[in-house]
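Reading the sequence shown from the start, the letters are residues 0 to 496 in numbering that gives the first Met the number 0.
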Amino acid sequence: MHQKSLTELRAALDAKTLSAVELAQLFLQRIEAAKNLNAFISVDHDLTLAQAKAADTLIAKGETGVLTGLPIAHKDVFVTRGWTSTAGSKMLANYTSPFDATVVDRLKNAGVVTLGKTNMDEFAMGSSNENSYFGPVKNPWDLKAVPGGSSGGSAAAVAARLAPAATGTDTGGSIRQPASFTGITGIKPTYGRVSRYGMIAFASSLDQGGPMARSAADCALLLNAIASFDPRDSTSLQREDEDYTRYLGQRWSGDDAAKPLAGLRIGLPKEFFGEGLSAEVRSAIDVALKQYEALGATLVEVSLPKTELSIPVYYIIAPAEASSNLSRFDGVRYGHRAAEYTDLLDMYKKSRAEGFGPEVKRRILVGAYVLSHGYYDAYYLQAQKIRRIIAQDFQEAFNHCDVIMGPVAPSVAWNLGEKADDPVQMYLADIYTLSISLAGLPGMSVPCGFGAAGSAHSTRPVGLQIIGNYFNEARLLQVADAFQRASDWHLQSPAGV
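Put into structure tokens, the structure is as follows:
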């Protein structure tokens with residue numbers, strides 16, 4: 000059962016071949032047996048089984064929705080009533096939220112069963128899931144490799160079949176990059192599609208929640224549940240709800256069943272295929288693009304000339320917003336408080352010094368600097384101006400294509416500890432994801448291959464990034480689903496799973 004899709008699990012529950020309680024128990028046992036991955040921060044059997052029993056009651060009454068009784072894991076950045084909600088930090092290690100994040104609440108109302116809270120880079124700051132107070136997550140494809148970050152726990156859980164799906168958040172690539180590194184599917188919706196209410200903030204103008212699952216079809220089912228206007232979030236977009244499954248299995252245009260994507264124009268940014276892209280990633284991407292051509296799509300070269308500026312722009316804007324957002328963690332109302340201090344100022348200093356890890360401190364310092372008097376105009380304001388130009392570059396590209404494709408990351412997953420002492424090298428690994436986040440566009444990763452055969456990377460997955468224009472999630476999912484109907488990369492799982 001652990002290898003089945005959400006749709007297949009739905010059918011099994013409806014046919015009464017197993018109960019929601021039995022399904023939850025199956026995954027709880029798998030989580031327990033895979034503790035070496037460190038994918039979960041907290042698991043509570045009693046809470047999970049209580050939700051499963053409630054789902055079974057609804058199923059017995061015939062009052063079921065598409066997701067009723069299906070188990071899911073939540074990234075520990077979403078506050079969840081009854082569970083600790085830590086954001087991977089010592090600062091919140093013992094925090095239990097009195098309310099649910101909107102994403103959690105909507106899935107709970109849909110009948111979803113929570114399996115636990117997944118590990119993550121502290122306050123979502125990282126690309127490898129090595130910055131967690133609770134220790135690094137291991138990649139189930141290769142235990143020596145990172146799973147990507149910051150949603151590495153969610154990605155590892157889905158890849159190892161510890162959960163059929165999970166929630167994640169993407170600030171600069173934190174759904175797409177770990178999805179790529181672990182061979183699963185993940186989508187970052189248009190900024191504002193999914194409510195940030197109850198999502199512990201990193202960078203408010205960039206943070207966006209989204210689903211992570213084995214396939215585009217499963218992601219579409221979850222997006223139906225979580226993407227909706229929320230008046231409690233000032234950045235939530237007020238648009239009519241959509242059915243993100245509506246194009247799945249349909250042809251893009253025309254009547255040729257053998258070429259379901261005939262008429263689709265795929266833009267290939269020349270900046271995504273130049274120096275810095277590893278040969279093994281390029282090879283896997285090229286094979287995937289040939290598959291798209293076989294499905295009827297046309298490849299078109301486009302340009303995103305400000306791509307190289309996305310790293311400095313992001314690492315000015317994101318730390319600036321983080322510095323502001325994390326100022327609330329001062330040891331006064333909630334969170335870690337130092338045991339010994341002499342006065343109020345000393346309590347602030349010691350509580351924050353003890354509660355935050357090195358990467359979070361680094362970004363707070365950078366953010367405070369670029370917002371300080373005399374530097375705001377030179378750094379933060381300039382970064383915001385370039386951010387607008389980056390968004391305009393995408394609109395120019397979309398005049399020539401329907402979707403944009405390329406790599407998610409320049410390489411496959413690197414080894415644990417390999418870049419831990421060189422944060423700049425870690426930041427450079429986000430070169431292909433940051434510009435999409437800065438522009439607020441939807442993007443996703445779908446598995447499309449592995450590292451070079453016969454090499455040490457031969458079991459490390461490669462992800463294909465698919466980028467759409469604003470509010471085109473349903474079309475992105477259609478394009479990804481067509482590829483997954485013609486290939487089996489998304490069905491493969493790590494050895495022994």
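Virtual Cβ for every residue (Gly too), placed ideally from N, Cα, C.
Would you check if the region 339-359 and the region 277-288 touch, i.e. whether three or more CB-CB distances between them fall below 8 angstroms?
no
Let me make sure I understand the geometry here. Which of S436, A479, P493 has the alpha-carbon closest to that of A216?
A479
Using CA coordinates, which residue listed in H372, V359, A321, V193 is at the minimum distance from P499?
The requested residue 499 is not part of the displayed model; the chain covers only 0 to 496.
So if DSSP puts D141 in a beta bridge, which residue, or which two residues, is it bridged to?
N138
Cα-Cα separation between P357 and Q249, rounded to whole angstroms
48 angstroms
What's the C-alpha gap between E279 and P406?
11 angstroms
Please determine, among S18, W488, T432, the residue with the shortest C-alpha to C-alpha distance to E270.
Looking at the Cα atoms, T432 is the closest of the given residues.
Start-to-end residues for the beta strand (DSSP E) that takes in I186
Run containing I186: 184-187, per the beta strand (DSSP E) assignment.
Using a 10 Å radius around the Cβ and a threshold of 16 neighbouring Cβ atoms, would you call A86 buried or exposed?
buried
Helix, strand or coil: which one does DSSP assign to K258?
coil
Nearest-angstrom Cα distance between A367 and T63?
Our two residues, A367 and T63, have alpha carbons roughly 50 angstroms apart in a direct line.
Start-to-end residues for the beta strand (DSSP E) that takes in S444:
442-449
Using the three-state DSSP reduction, which class does M404 fall into: helix, strand or coil?
Reduced to three states, the DSSP call for M404 is strand.
According to DSSP, which residues form a beta bridge with P163?
P163 is not bridged to any residue.
Taking Cβ positions, are N223 and D254 nearer each other than 8 angstroms?
no
Beta carbon proximity, A455 to chain D, threshold 8 angstroms
Going by chain labels, chain D is absent from the structure shown, which holds only one protein chain.
Applying the 10 Å Cβ sphere with the 16-neighbour rule, what's the burial state of T341?
exposed
Start and end residues, beta strand (DSSP E) containing M211
207-212
Please state the DSSP three-state secondary structure of A215.
The three-state secondary structure of A215, taken from DSSP, is helix.
Residue from S127, G197, S492, R362 whose Cα sits closest to the Cα of G497:
Any answer about residue 497 is impossible in this case: the structure gives the chain only from 0 up to 496.
Alpha carbon of P188 to alpha carbon of L57, nearest angstrom:
Put simply, the backbone Cα of P188 is about 30 angstroms away from that of L57.
Take P146 as the anchor and find which of V461, Q477, G275 has the nearest alpha-carbon.
V461
Uninterrupted alpha helix (DSSP H) stretches inside the region 28-84 (no shorter than 4 residues)
44-60
Assuming contact is defined by CB atoms lying nearer than 8 angstroms, are A202 and T170 in contact in what I supplied?
yes
Counting along the chain, where does the alpha helix (DSSP H) carrying R387 start and finish?
381-396
Measure the CB-CB distance between S179 and G167 and report whether it falls below 8 angstroms.
no
Thinking C-beta only, is A38 closer than 8 angstroms to A155?
Against a cut-off of 8 angstroms, the Cβ pair of A38 and A155 comes out as a contact.
Is it the case that the Cβ atoms of A451 and A428 are separated by a distance below 8 angstroms?
Not in contact: A451 and A428 (Cβ atoms no closer than 8 angstroms).
With a threshold of 7 angstroms (Cβ to nearest heavy atom), would G68 be considered close to the ligand SAH?
Ligands displayed in this structure: none; no statement on the ligand SAH is therefore possible.
Please name the residue or residues paired with N414 in a DSSP beta bridge.
A144
Give the DSSP-derived three-state secondary structure of K116 in the structure shown.
Here K116 sits in strand by DSSP.
R238 lies in the alpha helix (DSSP H); which residues open and close that run?
Segment: none, R238 is in no alpha helix (DSSP H) and carries neither H nor E.
Please give me, in chain order, every unbroken run of the alpha helix (DSSP H) with length at least 4 that falls completely inside the region 305-386.
For the region 305-386, whole alpha helix (DSSP H) runs of length 4 or above, ordered along the chain, are 309-324, 343-354, 357-369.
What first and last residue would you give for the alpha helix (DSSP H) that runs through T244?
Going by DSSP, T244 is part of no alpha helix (DSSP H) at all; its letter is neither H nor E.
Sequence-distant residues of the same chain with beta carbon closer than 7 angstroms to A485, five excluded per side:
Q290, L294
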